[in-house]
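Report on the structure given below.
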Ligand code: G4P
């Protein structure tokens, strides 16, 4: 389901989160490790009420390790905030999240006196996957529905954690056009909101600047073409996206290129332009 956020939905969701924050000990905010800035919602800080917050940088298997390290350091400068990169299906890594919860709320953490937490994040960052791993079984999917349609649900885990499952849905930070494109390139928002070819060309331009060697290696390019559009064409030729007459099907090439990047086929990449938190903030200040 495609989510459309309207001001009414947004304020209602934030109000619900703000109410729930009163009742909990700790917030688990799930971010996409490939774009920790654009997959966050900065309004959460306003309703956090100084409760400890763990920023889970999920999908760490797909992200550039150097960029992730920089983000972890950046987030941990904020008081009460800890950052933990992980892969939501990886049981040992998720166990380290439980351990961190217990470090941050040492006065609680047993089944009779559990740590009350909520898992929040934008759609598709892996909230359900994480909750399922935490629970050790598949439970109701959080799903990508606006928070206003959800009903509160408590999930007691046998490891001393109680999850308030909802409302957990935030909308992404799209403070600038680049944010929307980064989210679309990584698959965090549906590319149907933006034209596939445009997103593919955006991703090609980004890859040319940040990861030229990965691009050359994956698509067997000795030299990079001059323009991002030509890169998409070259990728299309390499992947066999050819129409009759030998012309590259650029739309299909862009779509396949994006699918490959999202699946990590070209290597571990981070989509946040240009990759360090300070640079992203400087870039945003220019808008
Ligand atoms: P949400 O509740 O926040 O909306 O996200 P959800 O858990 O539904 O996860 C969205 C997609 O991200 C799923 O893929 C899921 O498998 C994938 N995912 C979650 N965590 C990780 C991770 O750490 N690494 C990687 N590589 N992928 C992750 P999907 O294709 O939509 O579903 P499925 O076919 O995997 O079931």
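In my numbering, the protein residues as written are 729 to 1015. We put the beta carbon where it would ideally sit given N, CA and C, even for glycine.
{"Asked": "Simplified DSSP assignment, three categories, for residue 954", "Found": "coil"}
{"Asked": "Residue 1007 (DSSP reduced to helix, strand or coil)", "Found": "helix"}
{"Asked": "Residue 820, enclosing alpha helix (DSSP H) - first and last residue", "Found": "819 to 832"}
{"Asked": "Classification of residue 796 by the beta-carbon crowding that lies within 10 angstroms, buried from 16 upward", "Found": "buried"}
{"Asked": "Burial state of residue 961, where buried means 16 or more other Cβ atoms lie within 10 Å", "Found": "buried"}
{"Asked": "Burial state of residue 935 (16 or more Cβ within 10 Å)", "Found": "buried"}
{"Asked": "Coarse secondary structure for residue 875, derived from DSSP in three states", "Found": "For residue 875, the predicted model reports a pLDDT of 41, less than 50, meaning its position is unreliable; a value from the coordinates is still stated below. Residue 875 falls in the helix class under three-state DSSP."}
{"Asked": "Nearest candidate by alpha-carbon position, reference residue 840, set 801, 831, 887, 866", "Found": "887"}
{"Asked": "Runs of beta strand (DSSP E) wholly within the segment 748 to 833 (minimum 3 residues, chain order)", "Found": "754 to 760, 781 to 786, 809 to 813"}
{"Asked": "Under the three-state DSSP convention, the category residue 940 falls into", "Found": "helix"}
{"Asked": "Alpha carbon of residue 911 to alpha carbon of residue 1008, nearest angstrom", "Found": "14 Å"}
{"Asked": "Pairwise C-alpha distance: residue 753 and residue 837", "Found": "11 Å"}
{"Asked": "Of the residues 765, 740, 782, the one placed nearest residue 757, counting alpha carbons only", "Found": "782"}
{"Asked": "For residue 859, the residue or residues it bridges with in DSSP", "Found": "Answer by DSSP bridge pairing: none, since residue 859 is not bridged."}
{"Asked": "Assumed close pair residue 810, residue 999 - CB separation to whole angstroms, cut-off 8 Å", "Found": "Actually they do not touch by this definition, with Cβ atoms about 23 Å apart."}
{"Asked": "Exposed unless 16 or more other CB atoms sit within 10 angstroms - verdict on residue 993", "Found": "exposed"}
{"Asked": "The segment 762 to 775 in contact with the segment 789 to 806 per 3-pair CB rule at 8 Å", "Found": "yes"}
{"Asked": "Inter-residue Cα distance where the pair is residue 817 and residue 823", "Found": "11 Å"}
{"Asked": "Straight-line gap, residue 808 to residue 863 (C-alpha atoms, nearest Å)", "Found": "25 Å"}
{"Asked": "Sub-8 Å separation of residue 925 and residue 1010 beta-carbons", "Found": "no"}
{"Asked": "Residue 745 - DSSP class collapsed to helix/strand/coil", "Found": "helix"}
{"Asked": "For residue 847, the three-state DSSP class (helix, strand or coil)", "Found": "strand"}
{"Asked": "Contact test: residue 792 Cβ vs the ligand G4P heavy atom, cutoff 7 Å", "Found": "no"}
{"Asked": "Simplified DSSP assignment, three categories, for residue 926", "Found": "helix"}
{"Asked": "Any alpha helix (DSSP H) of 4 or more consecutive residues that is wholly inside the segment 951 to 1000", "Found": "956 to 967, 978 to 990"}
{"Asked": "heavy atom of the ligand G4P below 7 Å from residue 786 C-beta", "Found": "yes"}
{"Asked": "Close beta carbons around residue 927, own chain, < 8 Å, minus the five adjacent residues each side", "Found": "909, 912, 913, 919, 982, 986"}
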